[in-house]
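The sequence shown begins at 2 in the numbering used here and counts up one residue at a time.
Report on one structure; see the data block that follows.
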Amino acid sequence: MSYVERGLVKPGRALDLGCGPGRNARFLASRGFTVTAGGHFGLACFASGGMGSERSDADFYREPRLDGGLAYTGESLRAIFGDLTEVELRRMNDEPTGSACFGEPFLWTALFSR
């Protein structure tokens, strides 16, 4: 019996990340939840060679300072999210001051799907 059926979780808002075909999202919606699901994962992070720290995970856990944030290579992001399908992985566009959009070329922008 689920947490919902046992009354441990009351209907409200739910976010189902990596929802695949949406089985859990549909279950929660049928029990009165407002569910956000669609199987896509968007990411923005520092690109190696630009800004941020390029320390290894082992070094980071020995001395847990972000040093501005962790930076990644495209290959490392592909390895980390290898269970997902890459829709797009690219450097952000440089957006001019006053633009309605945010963009800095020292960042990656990525979209993966399940």
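A virtual CB, placed ideally from N, CA and C, is assigned to each residue, including glycine.
Taking 8 Å as the upper bound for CB-CB distance, residue 51 and residue 38 are not in contact here, some 33 Å apart. In this structure, residue 34 sits near residue 13, with a CB-CB distance shorter than 8 Å. Taking all protein chains shown into account, residue 19 has fewer than 16 neighbouring C-beta atoms within 10 Å of its C-beta and is therefore exposed.
For residue 62, the number of other beta carbons within 10 angstroms of its own is below 16, and it is reported as exposed. Where residue 61 is concerned, the enclosing alpha helix (DSSP H) starts and stops at 58-63. If you compare the alpha carbons of 114, 3 and 5 with that of residue 84, the shortest gap goes to 114. Taking a 10 Å sphere around the C-beta of residue 47, we find 16 or more other C-beta atoms and assign the residue as buried.
Of all alpha-carbon atoms in 88, 86, 87 and 92, the one lying nearest the alpha-carbon of residue 72 is that of 92. Using a 10 angstroms sphere on the CB of residue 69, the tally of other CB atoms stays under 16, which defines it as exposed.
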